[in-house]
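Counted from 1, the sequence shown has number 190 at position 190 by UniProt numbering; the numbering is strictly sequential.
Glycine included, every Cβ here is placed at the ideal spot set by N, Cα and C.
For clarity, every value in this text was computed on a predicted model and none was experimentally measured.
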Amino acid sequence: MPVERLHLLIKLSLLLFLAACSTPAMRLHDQAMTFGFQPLEIEAAGFKLSSFSHLPLSAGKRLHVYLEGDGRPWERGLFPAADPTTRTSTVLTLMASDPEPALYLGRPCYNGHADDPGCSQNLWTGARYGERVIASMTQALTEFCTLNGYREVVLIGHSGGGTLALLIAERLPQTVAVVTLAANYDIDIWADHHGYQRLSDSLNPAKRAVKTGIAEWHLLGQRDNNIPPELFQQALRQRPNSKVEIVDADHGHGWQTIWPQMLKHLEHLP
Numbered sequence: 001m002p003v004e005r006l007h008l009l010i011k012l013s014l015l016l017f018l019a020a021c022s023t024p025a026m027r028l029h030d031q032a033m034t035f036g037f038q039p040l041e042i043e044a045a046g047f048k049l050s051s052f053s054h055l056p057l058s059a060g061k062r063l064h065v066y067l068e069g070d071g072r073p074w075e076r077g078l079f080p081a082a083d084p085t086t087r088t089s090t091v092l093t094l095m096a097s098d099p100e101p102a103l104y105l106g107r108p109c110y111n112g113h114a115d116d117p118g119c120s121q122n123l124w125t126g127a128r129y130g131e132r133v134i135a136s137m138t139q140a141l142t143e144f145c146t147l148n149g150y151r152e153v154v155l156i157g158h159s160g161g162g163t164l165a166l167l168i169a170e171r172l173p174q175t176v177a178v179v180t181l182a183a184n185y186d187i188d189i190w191a192d193h194h195g196y197q198r199l200s201d202s203l204n205p206a207k208r209a210v211k212t213g214i215a216e217w218h219l220l221g222q223r224d225n226n227i228p229p230e231l232f233q234q235a236l237r238q239r240p241n242s243k244v245e246i247v248d249a250d251h252g253h254g255w256q257t258i259w260p261q262m263l264k265h266l267e268h269l270p
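Have a look at this one:
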């Protein structure tokens with residue numbers, strides 16, 4: 001075997017070994033670093049939220065906040081995961097194409113913090129949208145905006161991150177718009193549709209009072225089997241200031257293609 005080919009095989013084997021040994025949090029961090037994002041730890045309500053930011057100095061006082069989906073709360077749909085951190089981030093890729101000031105806001109107990117004090121498996125299973133999670137993320141975002149002078153916030157969430165965006169918007173007075181992508185709008189209907197156990201310790205956006213004065217865009221993937229458009233599109237269209245679009249995407253793929261057009265809509269937001 002030629003020496004050059006042997007060296008190449010050794011390098012490939014080493015890369016595969018390192019990838020196998022790395023944790024989901026390490027892989028998420030590496031993905032964020034490839035985009036040039038700044039890592040930061042935000043402490044709020046007793047939790048550490050591993051986050052990433054892109055804050056151009058010349059930009060204005062409106063912040064785009066990206067919220068990840070639920071990651072992997074369960075192993076094989078049967079056992080609570082030891083680490084719920086997402087294996088492949090959807091919203092980091094979207095954030096990389098966004099020229100505006102942006103923050104990827106982590107969740108409590110995610111991104112390497114599953115064993116932190118105060119964390120339990122319930123916080124990424126039945127209570128993944130519960131009071132402690134929403135309160136912590138709202139406090140973290142409020143303090144971040146105050147510290148950095150952001151007066152307006154656009155909340156952007158994929159899948160369960162869209163659920164969180166709607167719940168956080170209720171409490172965050174700086175919110176001017178919410179954008180959801182394949183969001184779980186009604187967690188009871190979603191659980192019943194799939195035959196899952198209901199998330200009894202979570203808040204359900206569909207049963208909350210709608211906060212007026214906030215522009216909403218809800219994007220649903222026409223090939224999405226997890227959040228089929230017919231599940232929520234009529235209910236979402238009944239929300240005030242709400243626009244619903246069916247786009248060419250499945251649950252995890254296709255969003256990057258349509259995202260530049262959505263960013264153009266946000267440019268014209270009053």
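Check whether residue i and residue j have beta carbons under 8 Å apart
{"i": "S50", "j": "G112", "result": "yes"}
{"i": "T142", "j": "P205", "result": "no"}
{"i": "A25", "j": "L92", "result": "no"}
{"i": "L263", "j": "V244", "result": "no"}
{"i": "P260", "j": "S97", "result": "yes"}
{"i": "A183", "j": "S159", "result": "yes"}
{"i": "L55", "j": "P99", "result": "no"}
{"i": "I189", "j": "L236", "result": "no"}
{"i": "L94", "j": "W255", "result": "yes"}
{"i": "E152", "j": "Q121", "result": "no"}
{"i": "V247", "j": "L155", "result": "no"}
{"i": "S242", "j": "H218", "result": "yes"}
{"i": "A165", "j": "A44", "result": "no"}
Contact set for residue i: own chain, Cβ-Cβ below 6 Å, skip 5 residues either direction
{"i": "T86", "result": "E68, G71"}
{"i": "Y150", "result": "K61, L63"}
{"i": "A114", "result": "D83"}
{"i": "C119", "result": "C109"}
{"i": "G46", "result": "G118"}
First through last residue of the beta strand (DSSP E) which encompasses residue i
{"i": "E216", "result": "215-221"}
Span of the alpha helix (DSSP H), counted from its first residue to its last, around residue i
{"i": "S136", "result": "131-148"}
{"i": "residue 278", "result": "Nothing can be reported for residue 278, as the shown portion of the chain is limited to 1 through 270."}
Beta-carbon proximity list for residue i, same chain, < 7 Å, skipping 5 on both sides
{"i": "R239", "result": "V210, E216"}
{"i": "E170", "result": "R208, K211"}
Proximal residues to residue i (C-beta, below 8 Å), its chain only, five neighbours per side dropped
{"i": "L18", "result": "With a pLDDT of 39 at L18, under the threshold of 50, the modelled position of this residue cannot be trusted, and the question is left open."}
{"i": "D250", "result": "G221, R223, D224, N225"}
{"i": "W74", "result": "P80, A81, T125"}
(request) Tell me, please, whether the segment 213-228 touches the segment 174-181 by the rule of three or more beta-carbon pairs shorter than 8 Å. (result) yes
(message) Would the segment 182-201 count as touching the segment 115-127 if we require 3 or more Cβ pairs under 8 Å?
(response) yes
(request) Report the residue ranges of all alpha helix (DSSP H) runs contained in full by the segment 153-217; include only those spanning at least 4 residues, in chain order. (result) 160-169, 187-194
(request) Say whether the segment 133-148 touches the segment 220-228, bearing in mind that this needs 3 or more beta-carbon pairs closer than 8 Å, one atom from each stretch. (result) no
(message) Just to confirm the assignment: which complete alpha helix (DSSP H) runs, minimum length 4, are found wholly within the segment 45-110?
(response) 91-96
(request) Could you name each continuous alpha helix (DSSP H) segment of 4 residues or more that falls completely within the segment 219-255, going from the start of the chain to the end? (result) 229-237
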